[in-house]
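Let me begin by presenting the structure, written as structure tokens, before commenting on it.
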Amino acid sequence: MKTCIACGMPMEDISDFAGNDPGKDYCVHCARPDGEMQSFEEKRENLASFIVRTQGFNENAARKIAEDMMRKLPAWKDYFC
Amino acid sequence: MRVSTRQVQKQNTRKKIMETAYSVISNKGFSVPSSVIAEEAGISHGSIFAHFPTMNDLLNNLLSDFGDKMGARLHMLAKKSDSVDNLLKEHLKVLEEYEAFYSRLISEKNRLPDEAKTTFAVIQSTLALHFSNVIEREISKGTVRKLPTHMLFNTWLGLVHYYLMNKDFFSDGNESVIKNYGPELLSFYLKMIKNERGVYE
Chain A
1 MKTCIACGMP MEDISDFAGN DPGKDYCVHC ARPDGEMQSF EEKRENLASF IVRTQGFNEN
61 AARKIAEDMM RKLPAWKDYF C
Chain B
1001 MRVSTRQVQK QNTRKKIMET AYSVISNKGF SVPSSVIAEE AGISHGSIFA HFPTMNDLLN
1061 NLLSDFGDKM GARLHMLAKK SDSVDNLLKE HLKVLEEYEA FYSRLISEKN RLPDEAKTTF
1121 AVIQSTLALH FSNVIEREIS KGTVRKLPTH MLFNTWLGLV HYYLMNKDFF SDGNESVIKN
1181 YGPELLSFYL KMIKNERGVY E
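Residue numbers (my numbering), protein chains in the order written: chain A, 1 to 81; chain B, 1001 to 1201.
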């Protein structure tokens, strides 16, 4: 099974893939409205605000955790050299 | 590409070290010396360091592997849940499956390498994704009280983690706390959050 290169989510159903396209390597949550993959900064901010909204973390802690999570993912490896 | 017998042996030893470390840490905690892991695995102490140069390397690999496995399992079970009742039942199932190691992780997280925090955050964020989808749907239908998502989420985790972190008060020996108390925790939590009178607050 494929996992999203930008957030690590397993993609099992067609609806998990960006634009319902199983050929894509990223998921529906990591796509922009136009279907392109979000940038590093967009993904970091989206992940951090998701963490703040759903888990109530402090904003700086949420941004740090978002970066730590992204560090392990293939889409962002060039940002952590 | 042909894999040599030596490479297979090397991979098997690495796997054995990881599996043994998981089970020893589940029983004795993260401060267990590497010599105990080597003894339990039936290998020489030096052999551990051939695979993992420091104890932190071993812990980081173990934690990352654990976070991926538990996160994937949660994702698979939670995805099919259409109500908060079912989602939390599935959460309890996953917790029971990984109870011993997970309890060590939440109890000792602050004394562990940074990877422990990331592992913890990966697991909780996977759950939070499904929890927020389900709970926000129920709030808009009026079946759950209109309270902030993060407080609903943290109250559930706070309750479950309290029982896991104080396992010695809530269970005898190796009994599962989740198995014994899970149904009571779930029913109490649902009573607190449900909008029983159908009043949209």
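The beta carbon of each residue, even a glycine, is placed where N, CA and C say it ideally should be.
These numbers were taken from a predicted model, which means no experiment stands behind them.
Since residue i meets chain B, which of its residues come closer than 8 Å, beta carbon to beta carbon?
i, result
"A/D68", "D1114, K1117, T1118, A1121"
"A/I14", "Residues of chain B passing the Cβ test: none, with the nearest at roughly 13 Å."
"A/I51", "A1121, S1125, A1128"
"A/I5", "Neighbours of A/I5 on chain B: none; closest Cβ ~15 Å, over 8 Å."
Take the Cβ of residue i as the centre, count every other Cβ of all protein chains shown within 10 Å, and call the residue buried at 16 or more, exposed below.
i, result
"B/Q1124", "buried"
"A/C81", "exposed"
"B/S1140", "exposed"
"A/R44", "buried"
"A/K24", "buried"
"B/V1144", "buried"
"B/F1052", "buried"
"B/G1182", "buried"
"B/H1045", "exposed"
"B/V1084", "buried"
"A/A48", "buried"
"B/F1066", "buried"
"A/R71", "exposed"
"B/I1178", "buried"
"B/V1160", "buried"
"B/T1005", "exposed"
Under 7 Å Cβ-Cβ, which residues of chain A neighbour residue i?
i, result
"B/S1132", "T54"
"B/A1072", "P10"
"B/F1153", "T54, Q55"
"B/H1150", "R53, T54, Q55, G56"
Would you grab the beta carbon distance between residue i and residue j for me? Rounded to a whole angstrom, and I think it's under 8 Å.
i, j, result
"B/M1063", "B/A1116", "Residue identity check: residue 1063 of chain B is Leu in the sequence provided, not Met. That pair is a contact at about 6 Å."
"B/V1122", "B/G1042", "About 32 Å separates the two Cβ atoms, so there is no contact after all."
"A/M69", "B/T1118", "6 Å"
"B/L1127", "B/H1091", "6 Å"
"A/D16", "A/C27", "5 Å"
"B/R1104", "B/I1025", "6 Å"
I need the DSSP call for residue i, collapsed to helix, strand or coil.
i, result
"A/C27", "strand"
"B/K1080", "coil"
"A/T3", "strand"
"B/M1070", "helix"
"A/F17", "strand"
"B/V1144", "strand"
"A/P10", "strand"
"A/K72", "coil"
Please list, in chain order, the chain A residues whose beta carbon lies closer than 9 Å to that of residue i.
i, result
"B/F1052", "Result: empty, since nearest Cβ-Cβ is about 18 Å, beyond 9 Å."
"B/H1075", "M9, P10, E12"
Let me check you understand the geometry: is the CB of residue i closer than 7 Å to at least one non-hydrogen atom of the ligand SAH?
i, result
"B/L1129", "By its list of ligands, the structure shown contains no ligand whatsoever, and the ligand SAH lies outside what it can speak to."
Pair every Cβ in the segment 1033 to 1053 of chain B with every Cβ in the segment 1005 to 1022 of chain B, then say whether three or more of these pairs are closer than 8 Å.
-> yes
Counting pairs of beta carbons, one from the segment 1127 to 1144 of chain B and one from the segment 1047 to 1062 of chain B, are three or more of them closer than 8 Å?
-> no
Three CB pairs or more closer than 8 Å across the segment 1072 to 1081 of chain B and the segment 1180 to 1195 of chain B | no
Can you find at least 3 beta carbon pairs, one from the segment 1104 to 1120 of chain B and one from the segment 21 to 41 of chain A, that sit closer than 8 Å?
-> no
Any chance the segment 1144 to 1158 of chain B sits against the segment 1009 to 1016 of chain B, with 3 or more Cβ pairs inside 8 Å?
-> no
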